[in-house]
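At position 546 of the sequence shown the residue is numbered 546 (our numbering), and the sequence of numbers has no breaks.
The beta carbon of each residue, even a glycine, is placed where N, CA and C say it ideally should be.
Remember, it's a predicted structure, so these values are computed and weren't measured experimentally.
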Amino acid sequence: MINLNRFESQVNATILKRGKGYYEEGFVKKVSRIDPDTYECEVFGTETYCVKVKKDNKNNILSSCTCPYNRGKVCKHEVAAFYELRKQLDNKDNVRVPNEENRNSDRTLKELLLSLPKEELVRLITQRAADDLSLEHHLRLQFGKLSPEDEINESKRLLQAISEKYSDYREVIYADRISDYAAEMGQILNRTVAINNPLVACDIAFLVMNEAVERLEYIEDDDWAIGEVVDGCIEVVKSIVSSELTVESKQILYQKITENLNQDSESVWWTDYQEPLFEALLVIAQEESLREAYIEELMGRVKKGNSWSVRYDNERYLNQVFRLIEKTGDEDEQLLFLLNHVEYGTFRMKLIDIYAEKRDYLKVIQLAEEGERHDKEYAGYVKTWKTAKYDAYKKAVMVEEQRLLAKELFLAGDFDYYADLKKLSENDESTLYETLKKTLKESYRFSGYSQTYLSLIMEEQDLEALAEVVTTDVRYVRDYAGALVDTHKELVVKAYKQLIVHNASDAANRSQYKAIAVLVKECGRILGKDTAREVTENLRKTFSRKPAFMDELTKAKI
């Protein structure tokens, strides 16, 4: 659990640094106490997020944030809130009052800067800007009264300065500089919150995003610092398209997003980020004037071919089109689209669901059988279509067809159909069981026992069959000892002893020795302490020259 007094040592260093930056820049705007132990903080990011912090009397805290970050236990907004909350909860009576001698060393940076003459401040900042490639552009963006065009151009210059600041002569950013690089990129993105013009905000988000995506191509972003910047850019774009916009603004935004989607980028990462951008487009494509353009844009990306990768990409694009038709079209248009693209599994399944709801089970069966033929090379899809067909047989009370398919699915490895088979069988349950057992056993004669066979004999408590399995492979004794110990105790004892000796002979490290000690204790629980002690003594005699093994047996207290 994180403690408010020492969270700096408990949080990822990258997240801590970004969160502290947010705190120092004043992004924590409000702290409210909603009950004696719980606080709410408003933190600015790509939008305003709510951080909740619950504290006990030892200052241990639990927190949550409404931002989309999910790559660690806390996000930068939570860290910023921790700093602000701790500051407000500090007991001011315990703060040391500085004496004259150490007054300068105890001043806050803010107090120190306020004490300086204006000319000294200007000289200091100018000097720092000369050493820091990006500081001047940060200041111009934050304090300059810029036109929309100048805002975009200054952002471009700042991005270039940041890139030069953190890159070496080969334009490479080393791992220890990635976090700082991403933090400065994030500062540009955070500017979009204060920009009233959504078109300018969108342009800046894409400037940052394109730079970050290109960097991902050549950087090992282990802490996902740059990836988080890209995620933030997408959130900005989604936030913009979801805001109140004029028709003209929607049209311009549509053009900007499609231009970025259609850029000729060599980065393999760019494909990963297309889907959320199409989702952003979908929001504004519901505007009547953009609907057909959106459909045309996506349909233009559908390629001919039947390879797995082509089908996967095509299905992604077509699914976005169908989502728009669902939102804006009628049922006839939706059905026509599904029928025209039934070769894709997603749409075939939607059609099956539609006809199943209408109780047109013959149509469901037809679609499922066509799917089996079309997707015969894809075992997962074939299983899906057989399952859909089985459900249709069941609902249509086509008993013979249901029985034959249930047997086929069972023998193919789906044990769940056994209960239905017992209800549907023309023979008595005993005959059915023996027939299925024989078929499964012969099918796996040369490759070991199938899980379906093992589930079957366990379900029917066929102790002789279980004993045969343990005799053939002693590893199964751990699964079936409980069922066999009363009727086949000698077999269980023998199997456990063989398994323990075999594992002990192969063991070569302490974790493996510990696992054997656990196995011996398990043997004792089932067969009694005397058996466990006998096994332990044999192990001590046989493996006495393995002191780590002997130590683990002693610690197990068998």
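Query: Whole-number beta carbon distance between residue 533 and residue 558, since they are thought to touch under 8 Å; Result: 7 Å
Query: Those residues which DSSP pairs with residue 54 across a bridge; Result: 38, 62
Query: Continuous alpha helix (DSSP H) stretch holding residue 216: start and end; Result: 198 to 216
Query: Stretch pair the region 274 to 290 + the region 303 to 315: three plus CB contacts closer than 8 Å; Result: no
Query: DSSP three-state assignment for residue 93, whether helix, strand or coil; Result: At residue 93 the pLDDT is 36, less than 50, meaning the model places this residue with poor confidence and gives no usable figure here.
Query: For residue 310, the nearest candidate out of 278, 344, 339 (CA to CA); Result: 344
Query: Cβ pair residue 396, residue 385 closer than 7 Å; Result: no
Query: CA nearest to the CA of residue 172, picked from 138, 214, 88; Result: 214
Query: Assigned exposure category for residue 143 - 16 Cβ within 10 Å defines buried; Result: exposed
Query: Where residue 22 sits in the DSSP three-state scheme; Result: helix
Query: Coarse secondary structure for residue 30, derived from DSSP in three states; Result: strand
Query: Cutoff 6 Å; reference residue 388; Cβ partners in own chain excluding five residues on either side; Result: 352, 368
Query: Ranges of the alpha helix (DSSP H) found wholly within the region 426 to 500, counting only runs of at least 4; Result: 429 to 443, 451 to 459, 463 to 472, 477 to 484
Query: Rounded straight-line distance, which links the Cα of residue 330 to that of residue 12; Result: 50 Å
Query: Opening and closing residue of the alpha helix (DSSP H) in which residue 346 lies; Result: 345 to 357
Query: C-beta contact flag for residue 406 and residue 364 at 7 Å; Result: no
Query: Opposing strand residues paired with residue 310 [DSSP bridges]; Result: Residue 310 pairs with nothing; no bridge assigned.
Query: Residue from 71, 481, 207, 421 with nearest C-alpha to residue 160; Result: 207
Query: Identity of the residue in 473, 83, 177, 528 nearest residue 502 by Cα; Result: 473
Query: Contact under 7 Å by Cβ, residue 469 with residue 496; Result: no
Query: Under the three-state DSSP convention, the category residue 82 falls into; Result: helix
Query: Boundaries (first-last residue) of the alpha helix (DSSP H) holding residue 143; Result: 135 to 143
Query: Length at least 4, wholly inside the region 240 to 314: the alpha helix (DSSP H) runs in chain order; Result: 247 to 261, 269 to 285, 288 to 299
Query: Exposure label - residue 379; buried when at least 16 CB within 10 Å; Result: exposed
Query: Secondary structure of residue 12, DSSP reduced to three states; Result: coil
Query: Host alpha helix (DSSP H) of residue 72 (start-end); Result: Residue 72 -> no alpha helix (DSSP H), and no H or E assigned at all.
Query: Segment contact flag, the region 109 to 123 with the region 45 to 53, C-beta cutoff 8 Å, min 3 pairs; Result: no
Query: Cβ-Cβ distance between residue 27 and residue 82 below 7 Å; Result: no
Query: Short Cβ contact (7 Å threshold) for residue 467 with residue 491; Result: yes
Query: Residue 418 - DSSP class collapsed to helix/strand/coil; Result: helix
Query: Per DSSP, cross-strand counterpart(s) of residue 48; Result: 44
Query: Extent of the continuous alpha helix (DSSP H) run through residue 188; Result: 175 to 190
Query: Euclidean distance between Cα positions of residue 100 and residue 199; Result: Low confidence applies to residue 100: its pLDDT is 43, below 50, so where it sits in the model is not reliable, and the reading given next is rough at best. In a straight line, the C-alpha of residue 100 is about 54 Å away from that of residue 199.
Query: Assumed close pair residue 438, residue 453 - CB separation to whole angstroms, cut-off 8 Å; Result: Actually they do not touch by this definition, with Cβ atoms about 10 Å apart.
Query: Closest residue to residue 205 among 67, 188, 304 (Cα-Cα distance); Result: 188
Query: Supposed close pair residue 151, residue 137 - CB separation, criterion 8 Å; Result: At roughly 11 Å, the Cβ-Cβ gap does not stay under 8 Å, so residue 151 and residue 137 are not in contact.
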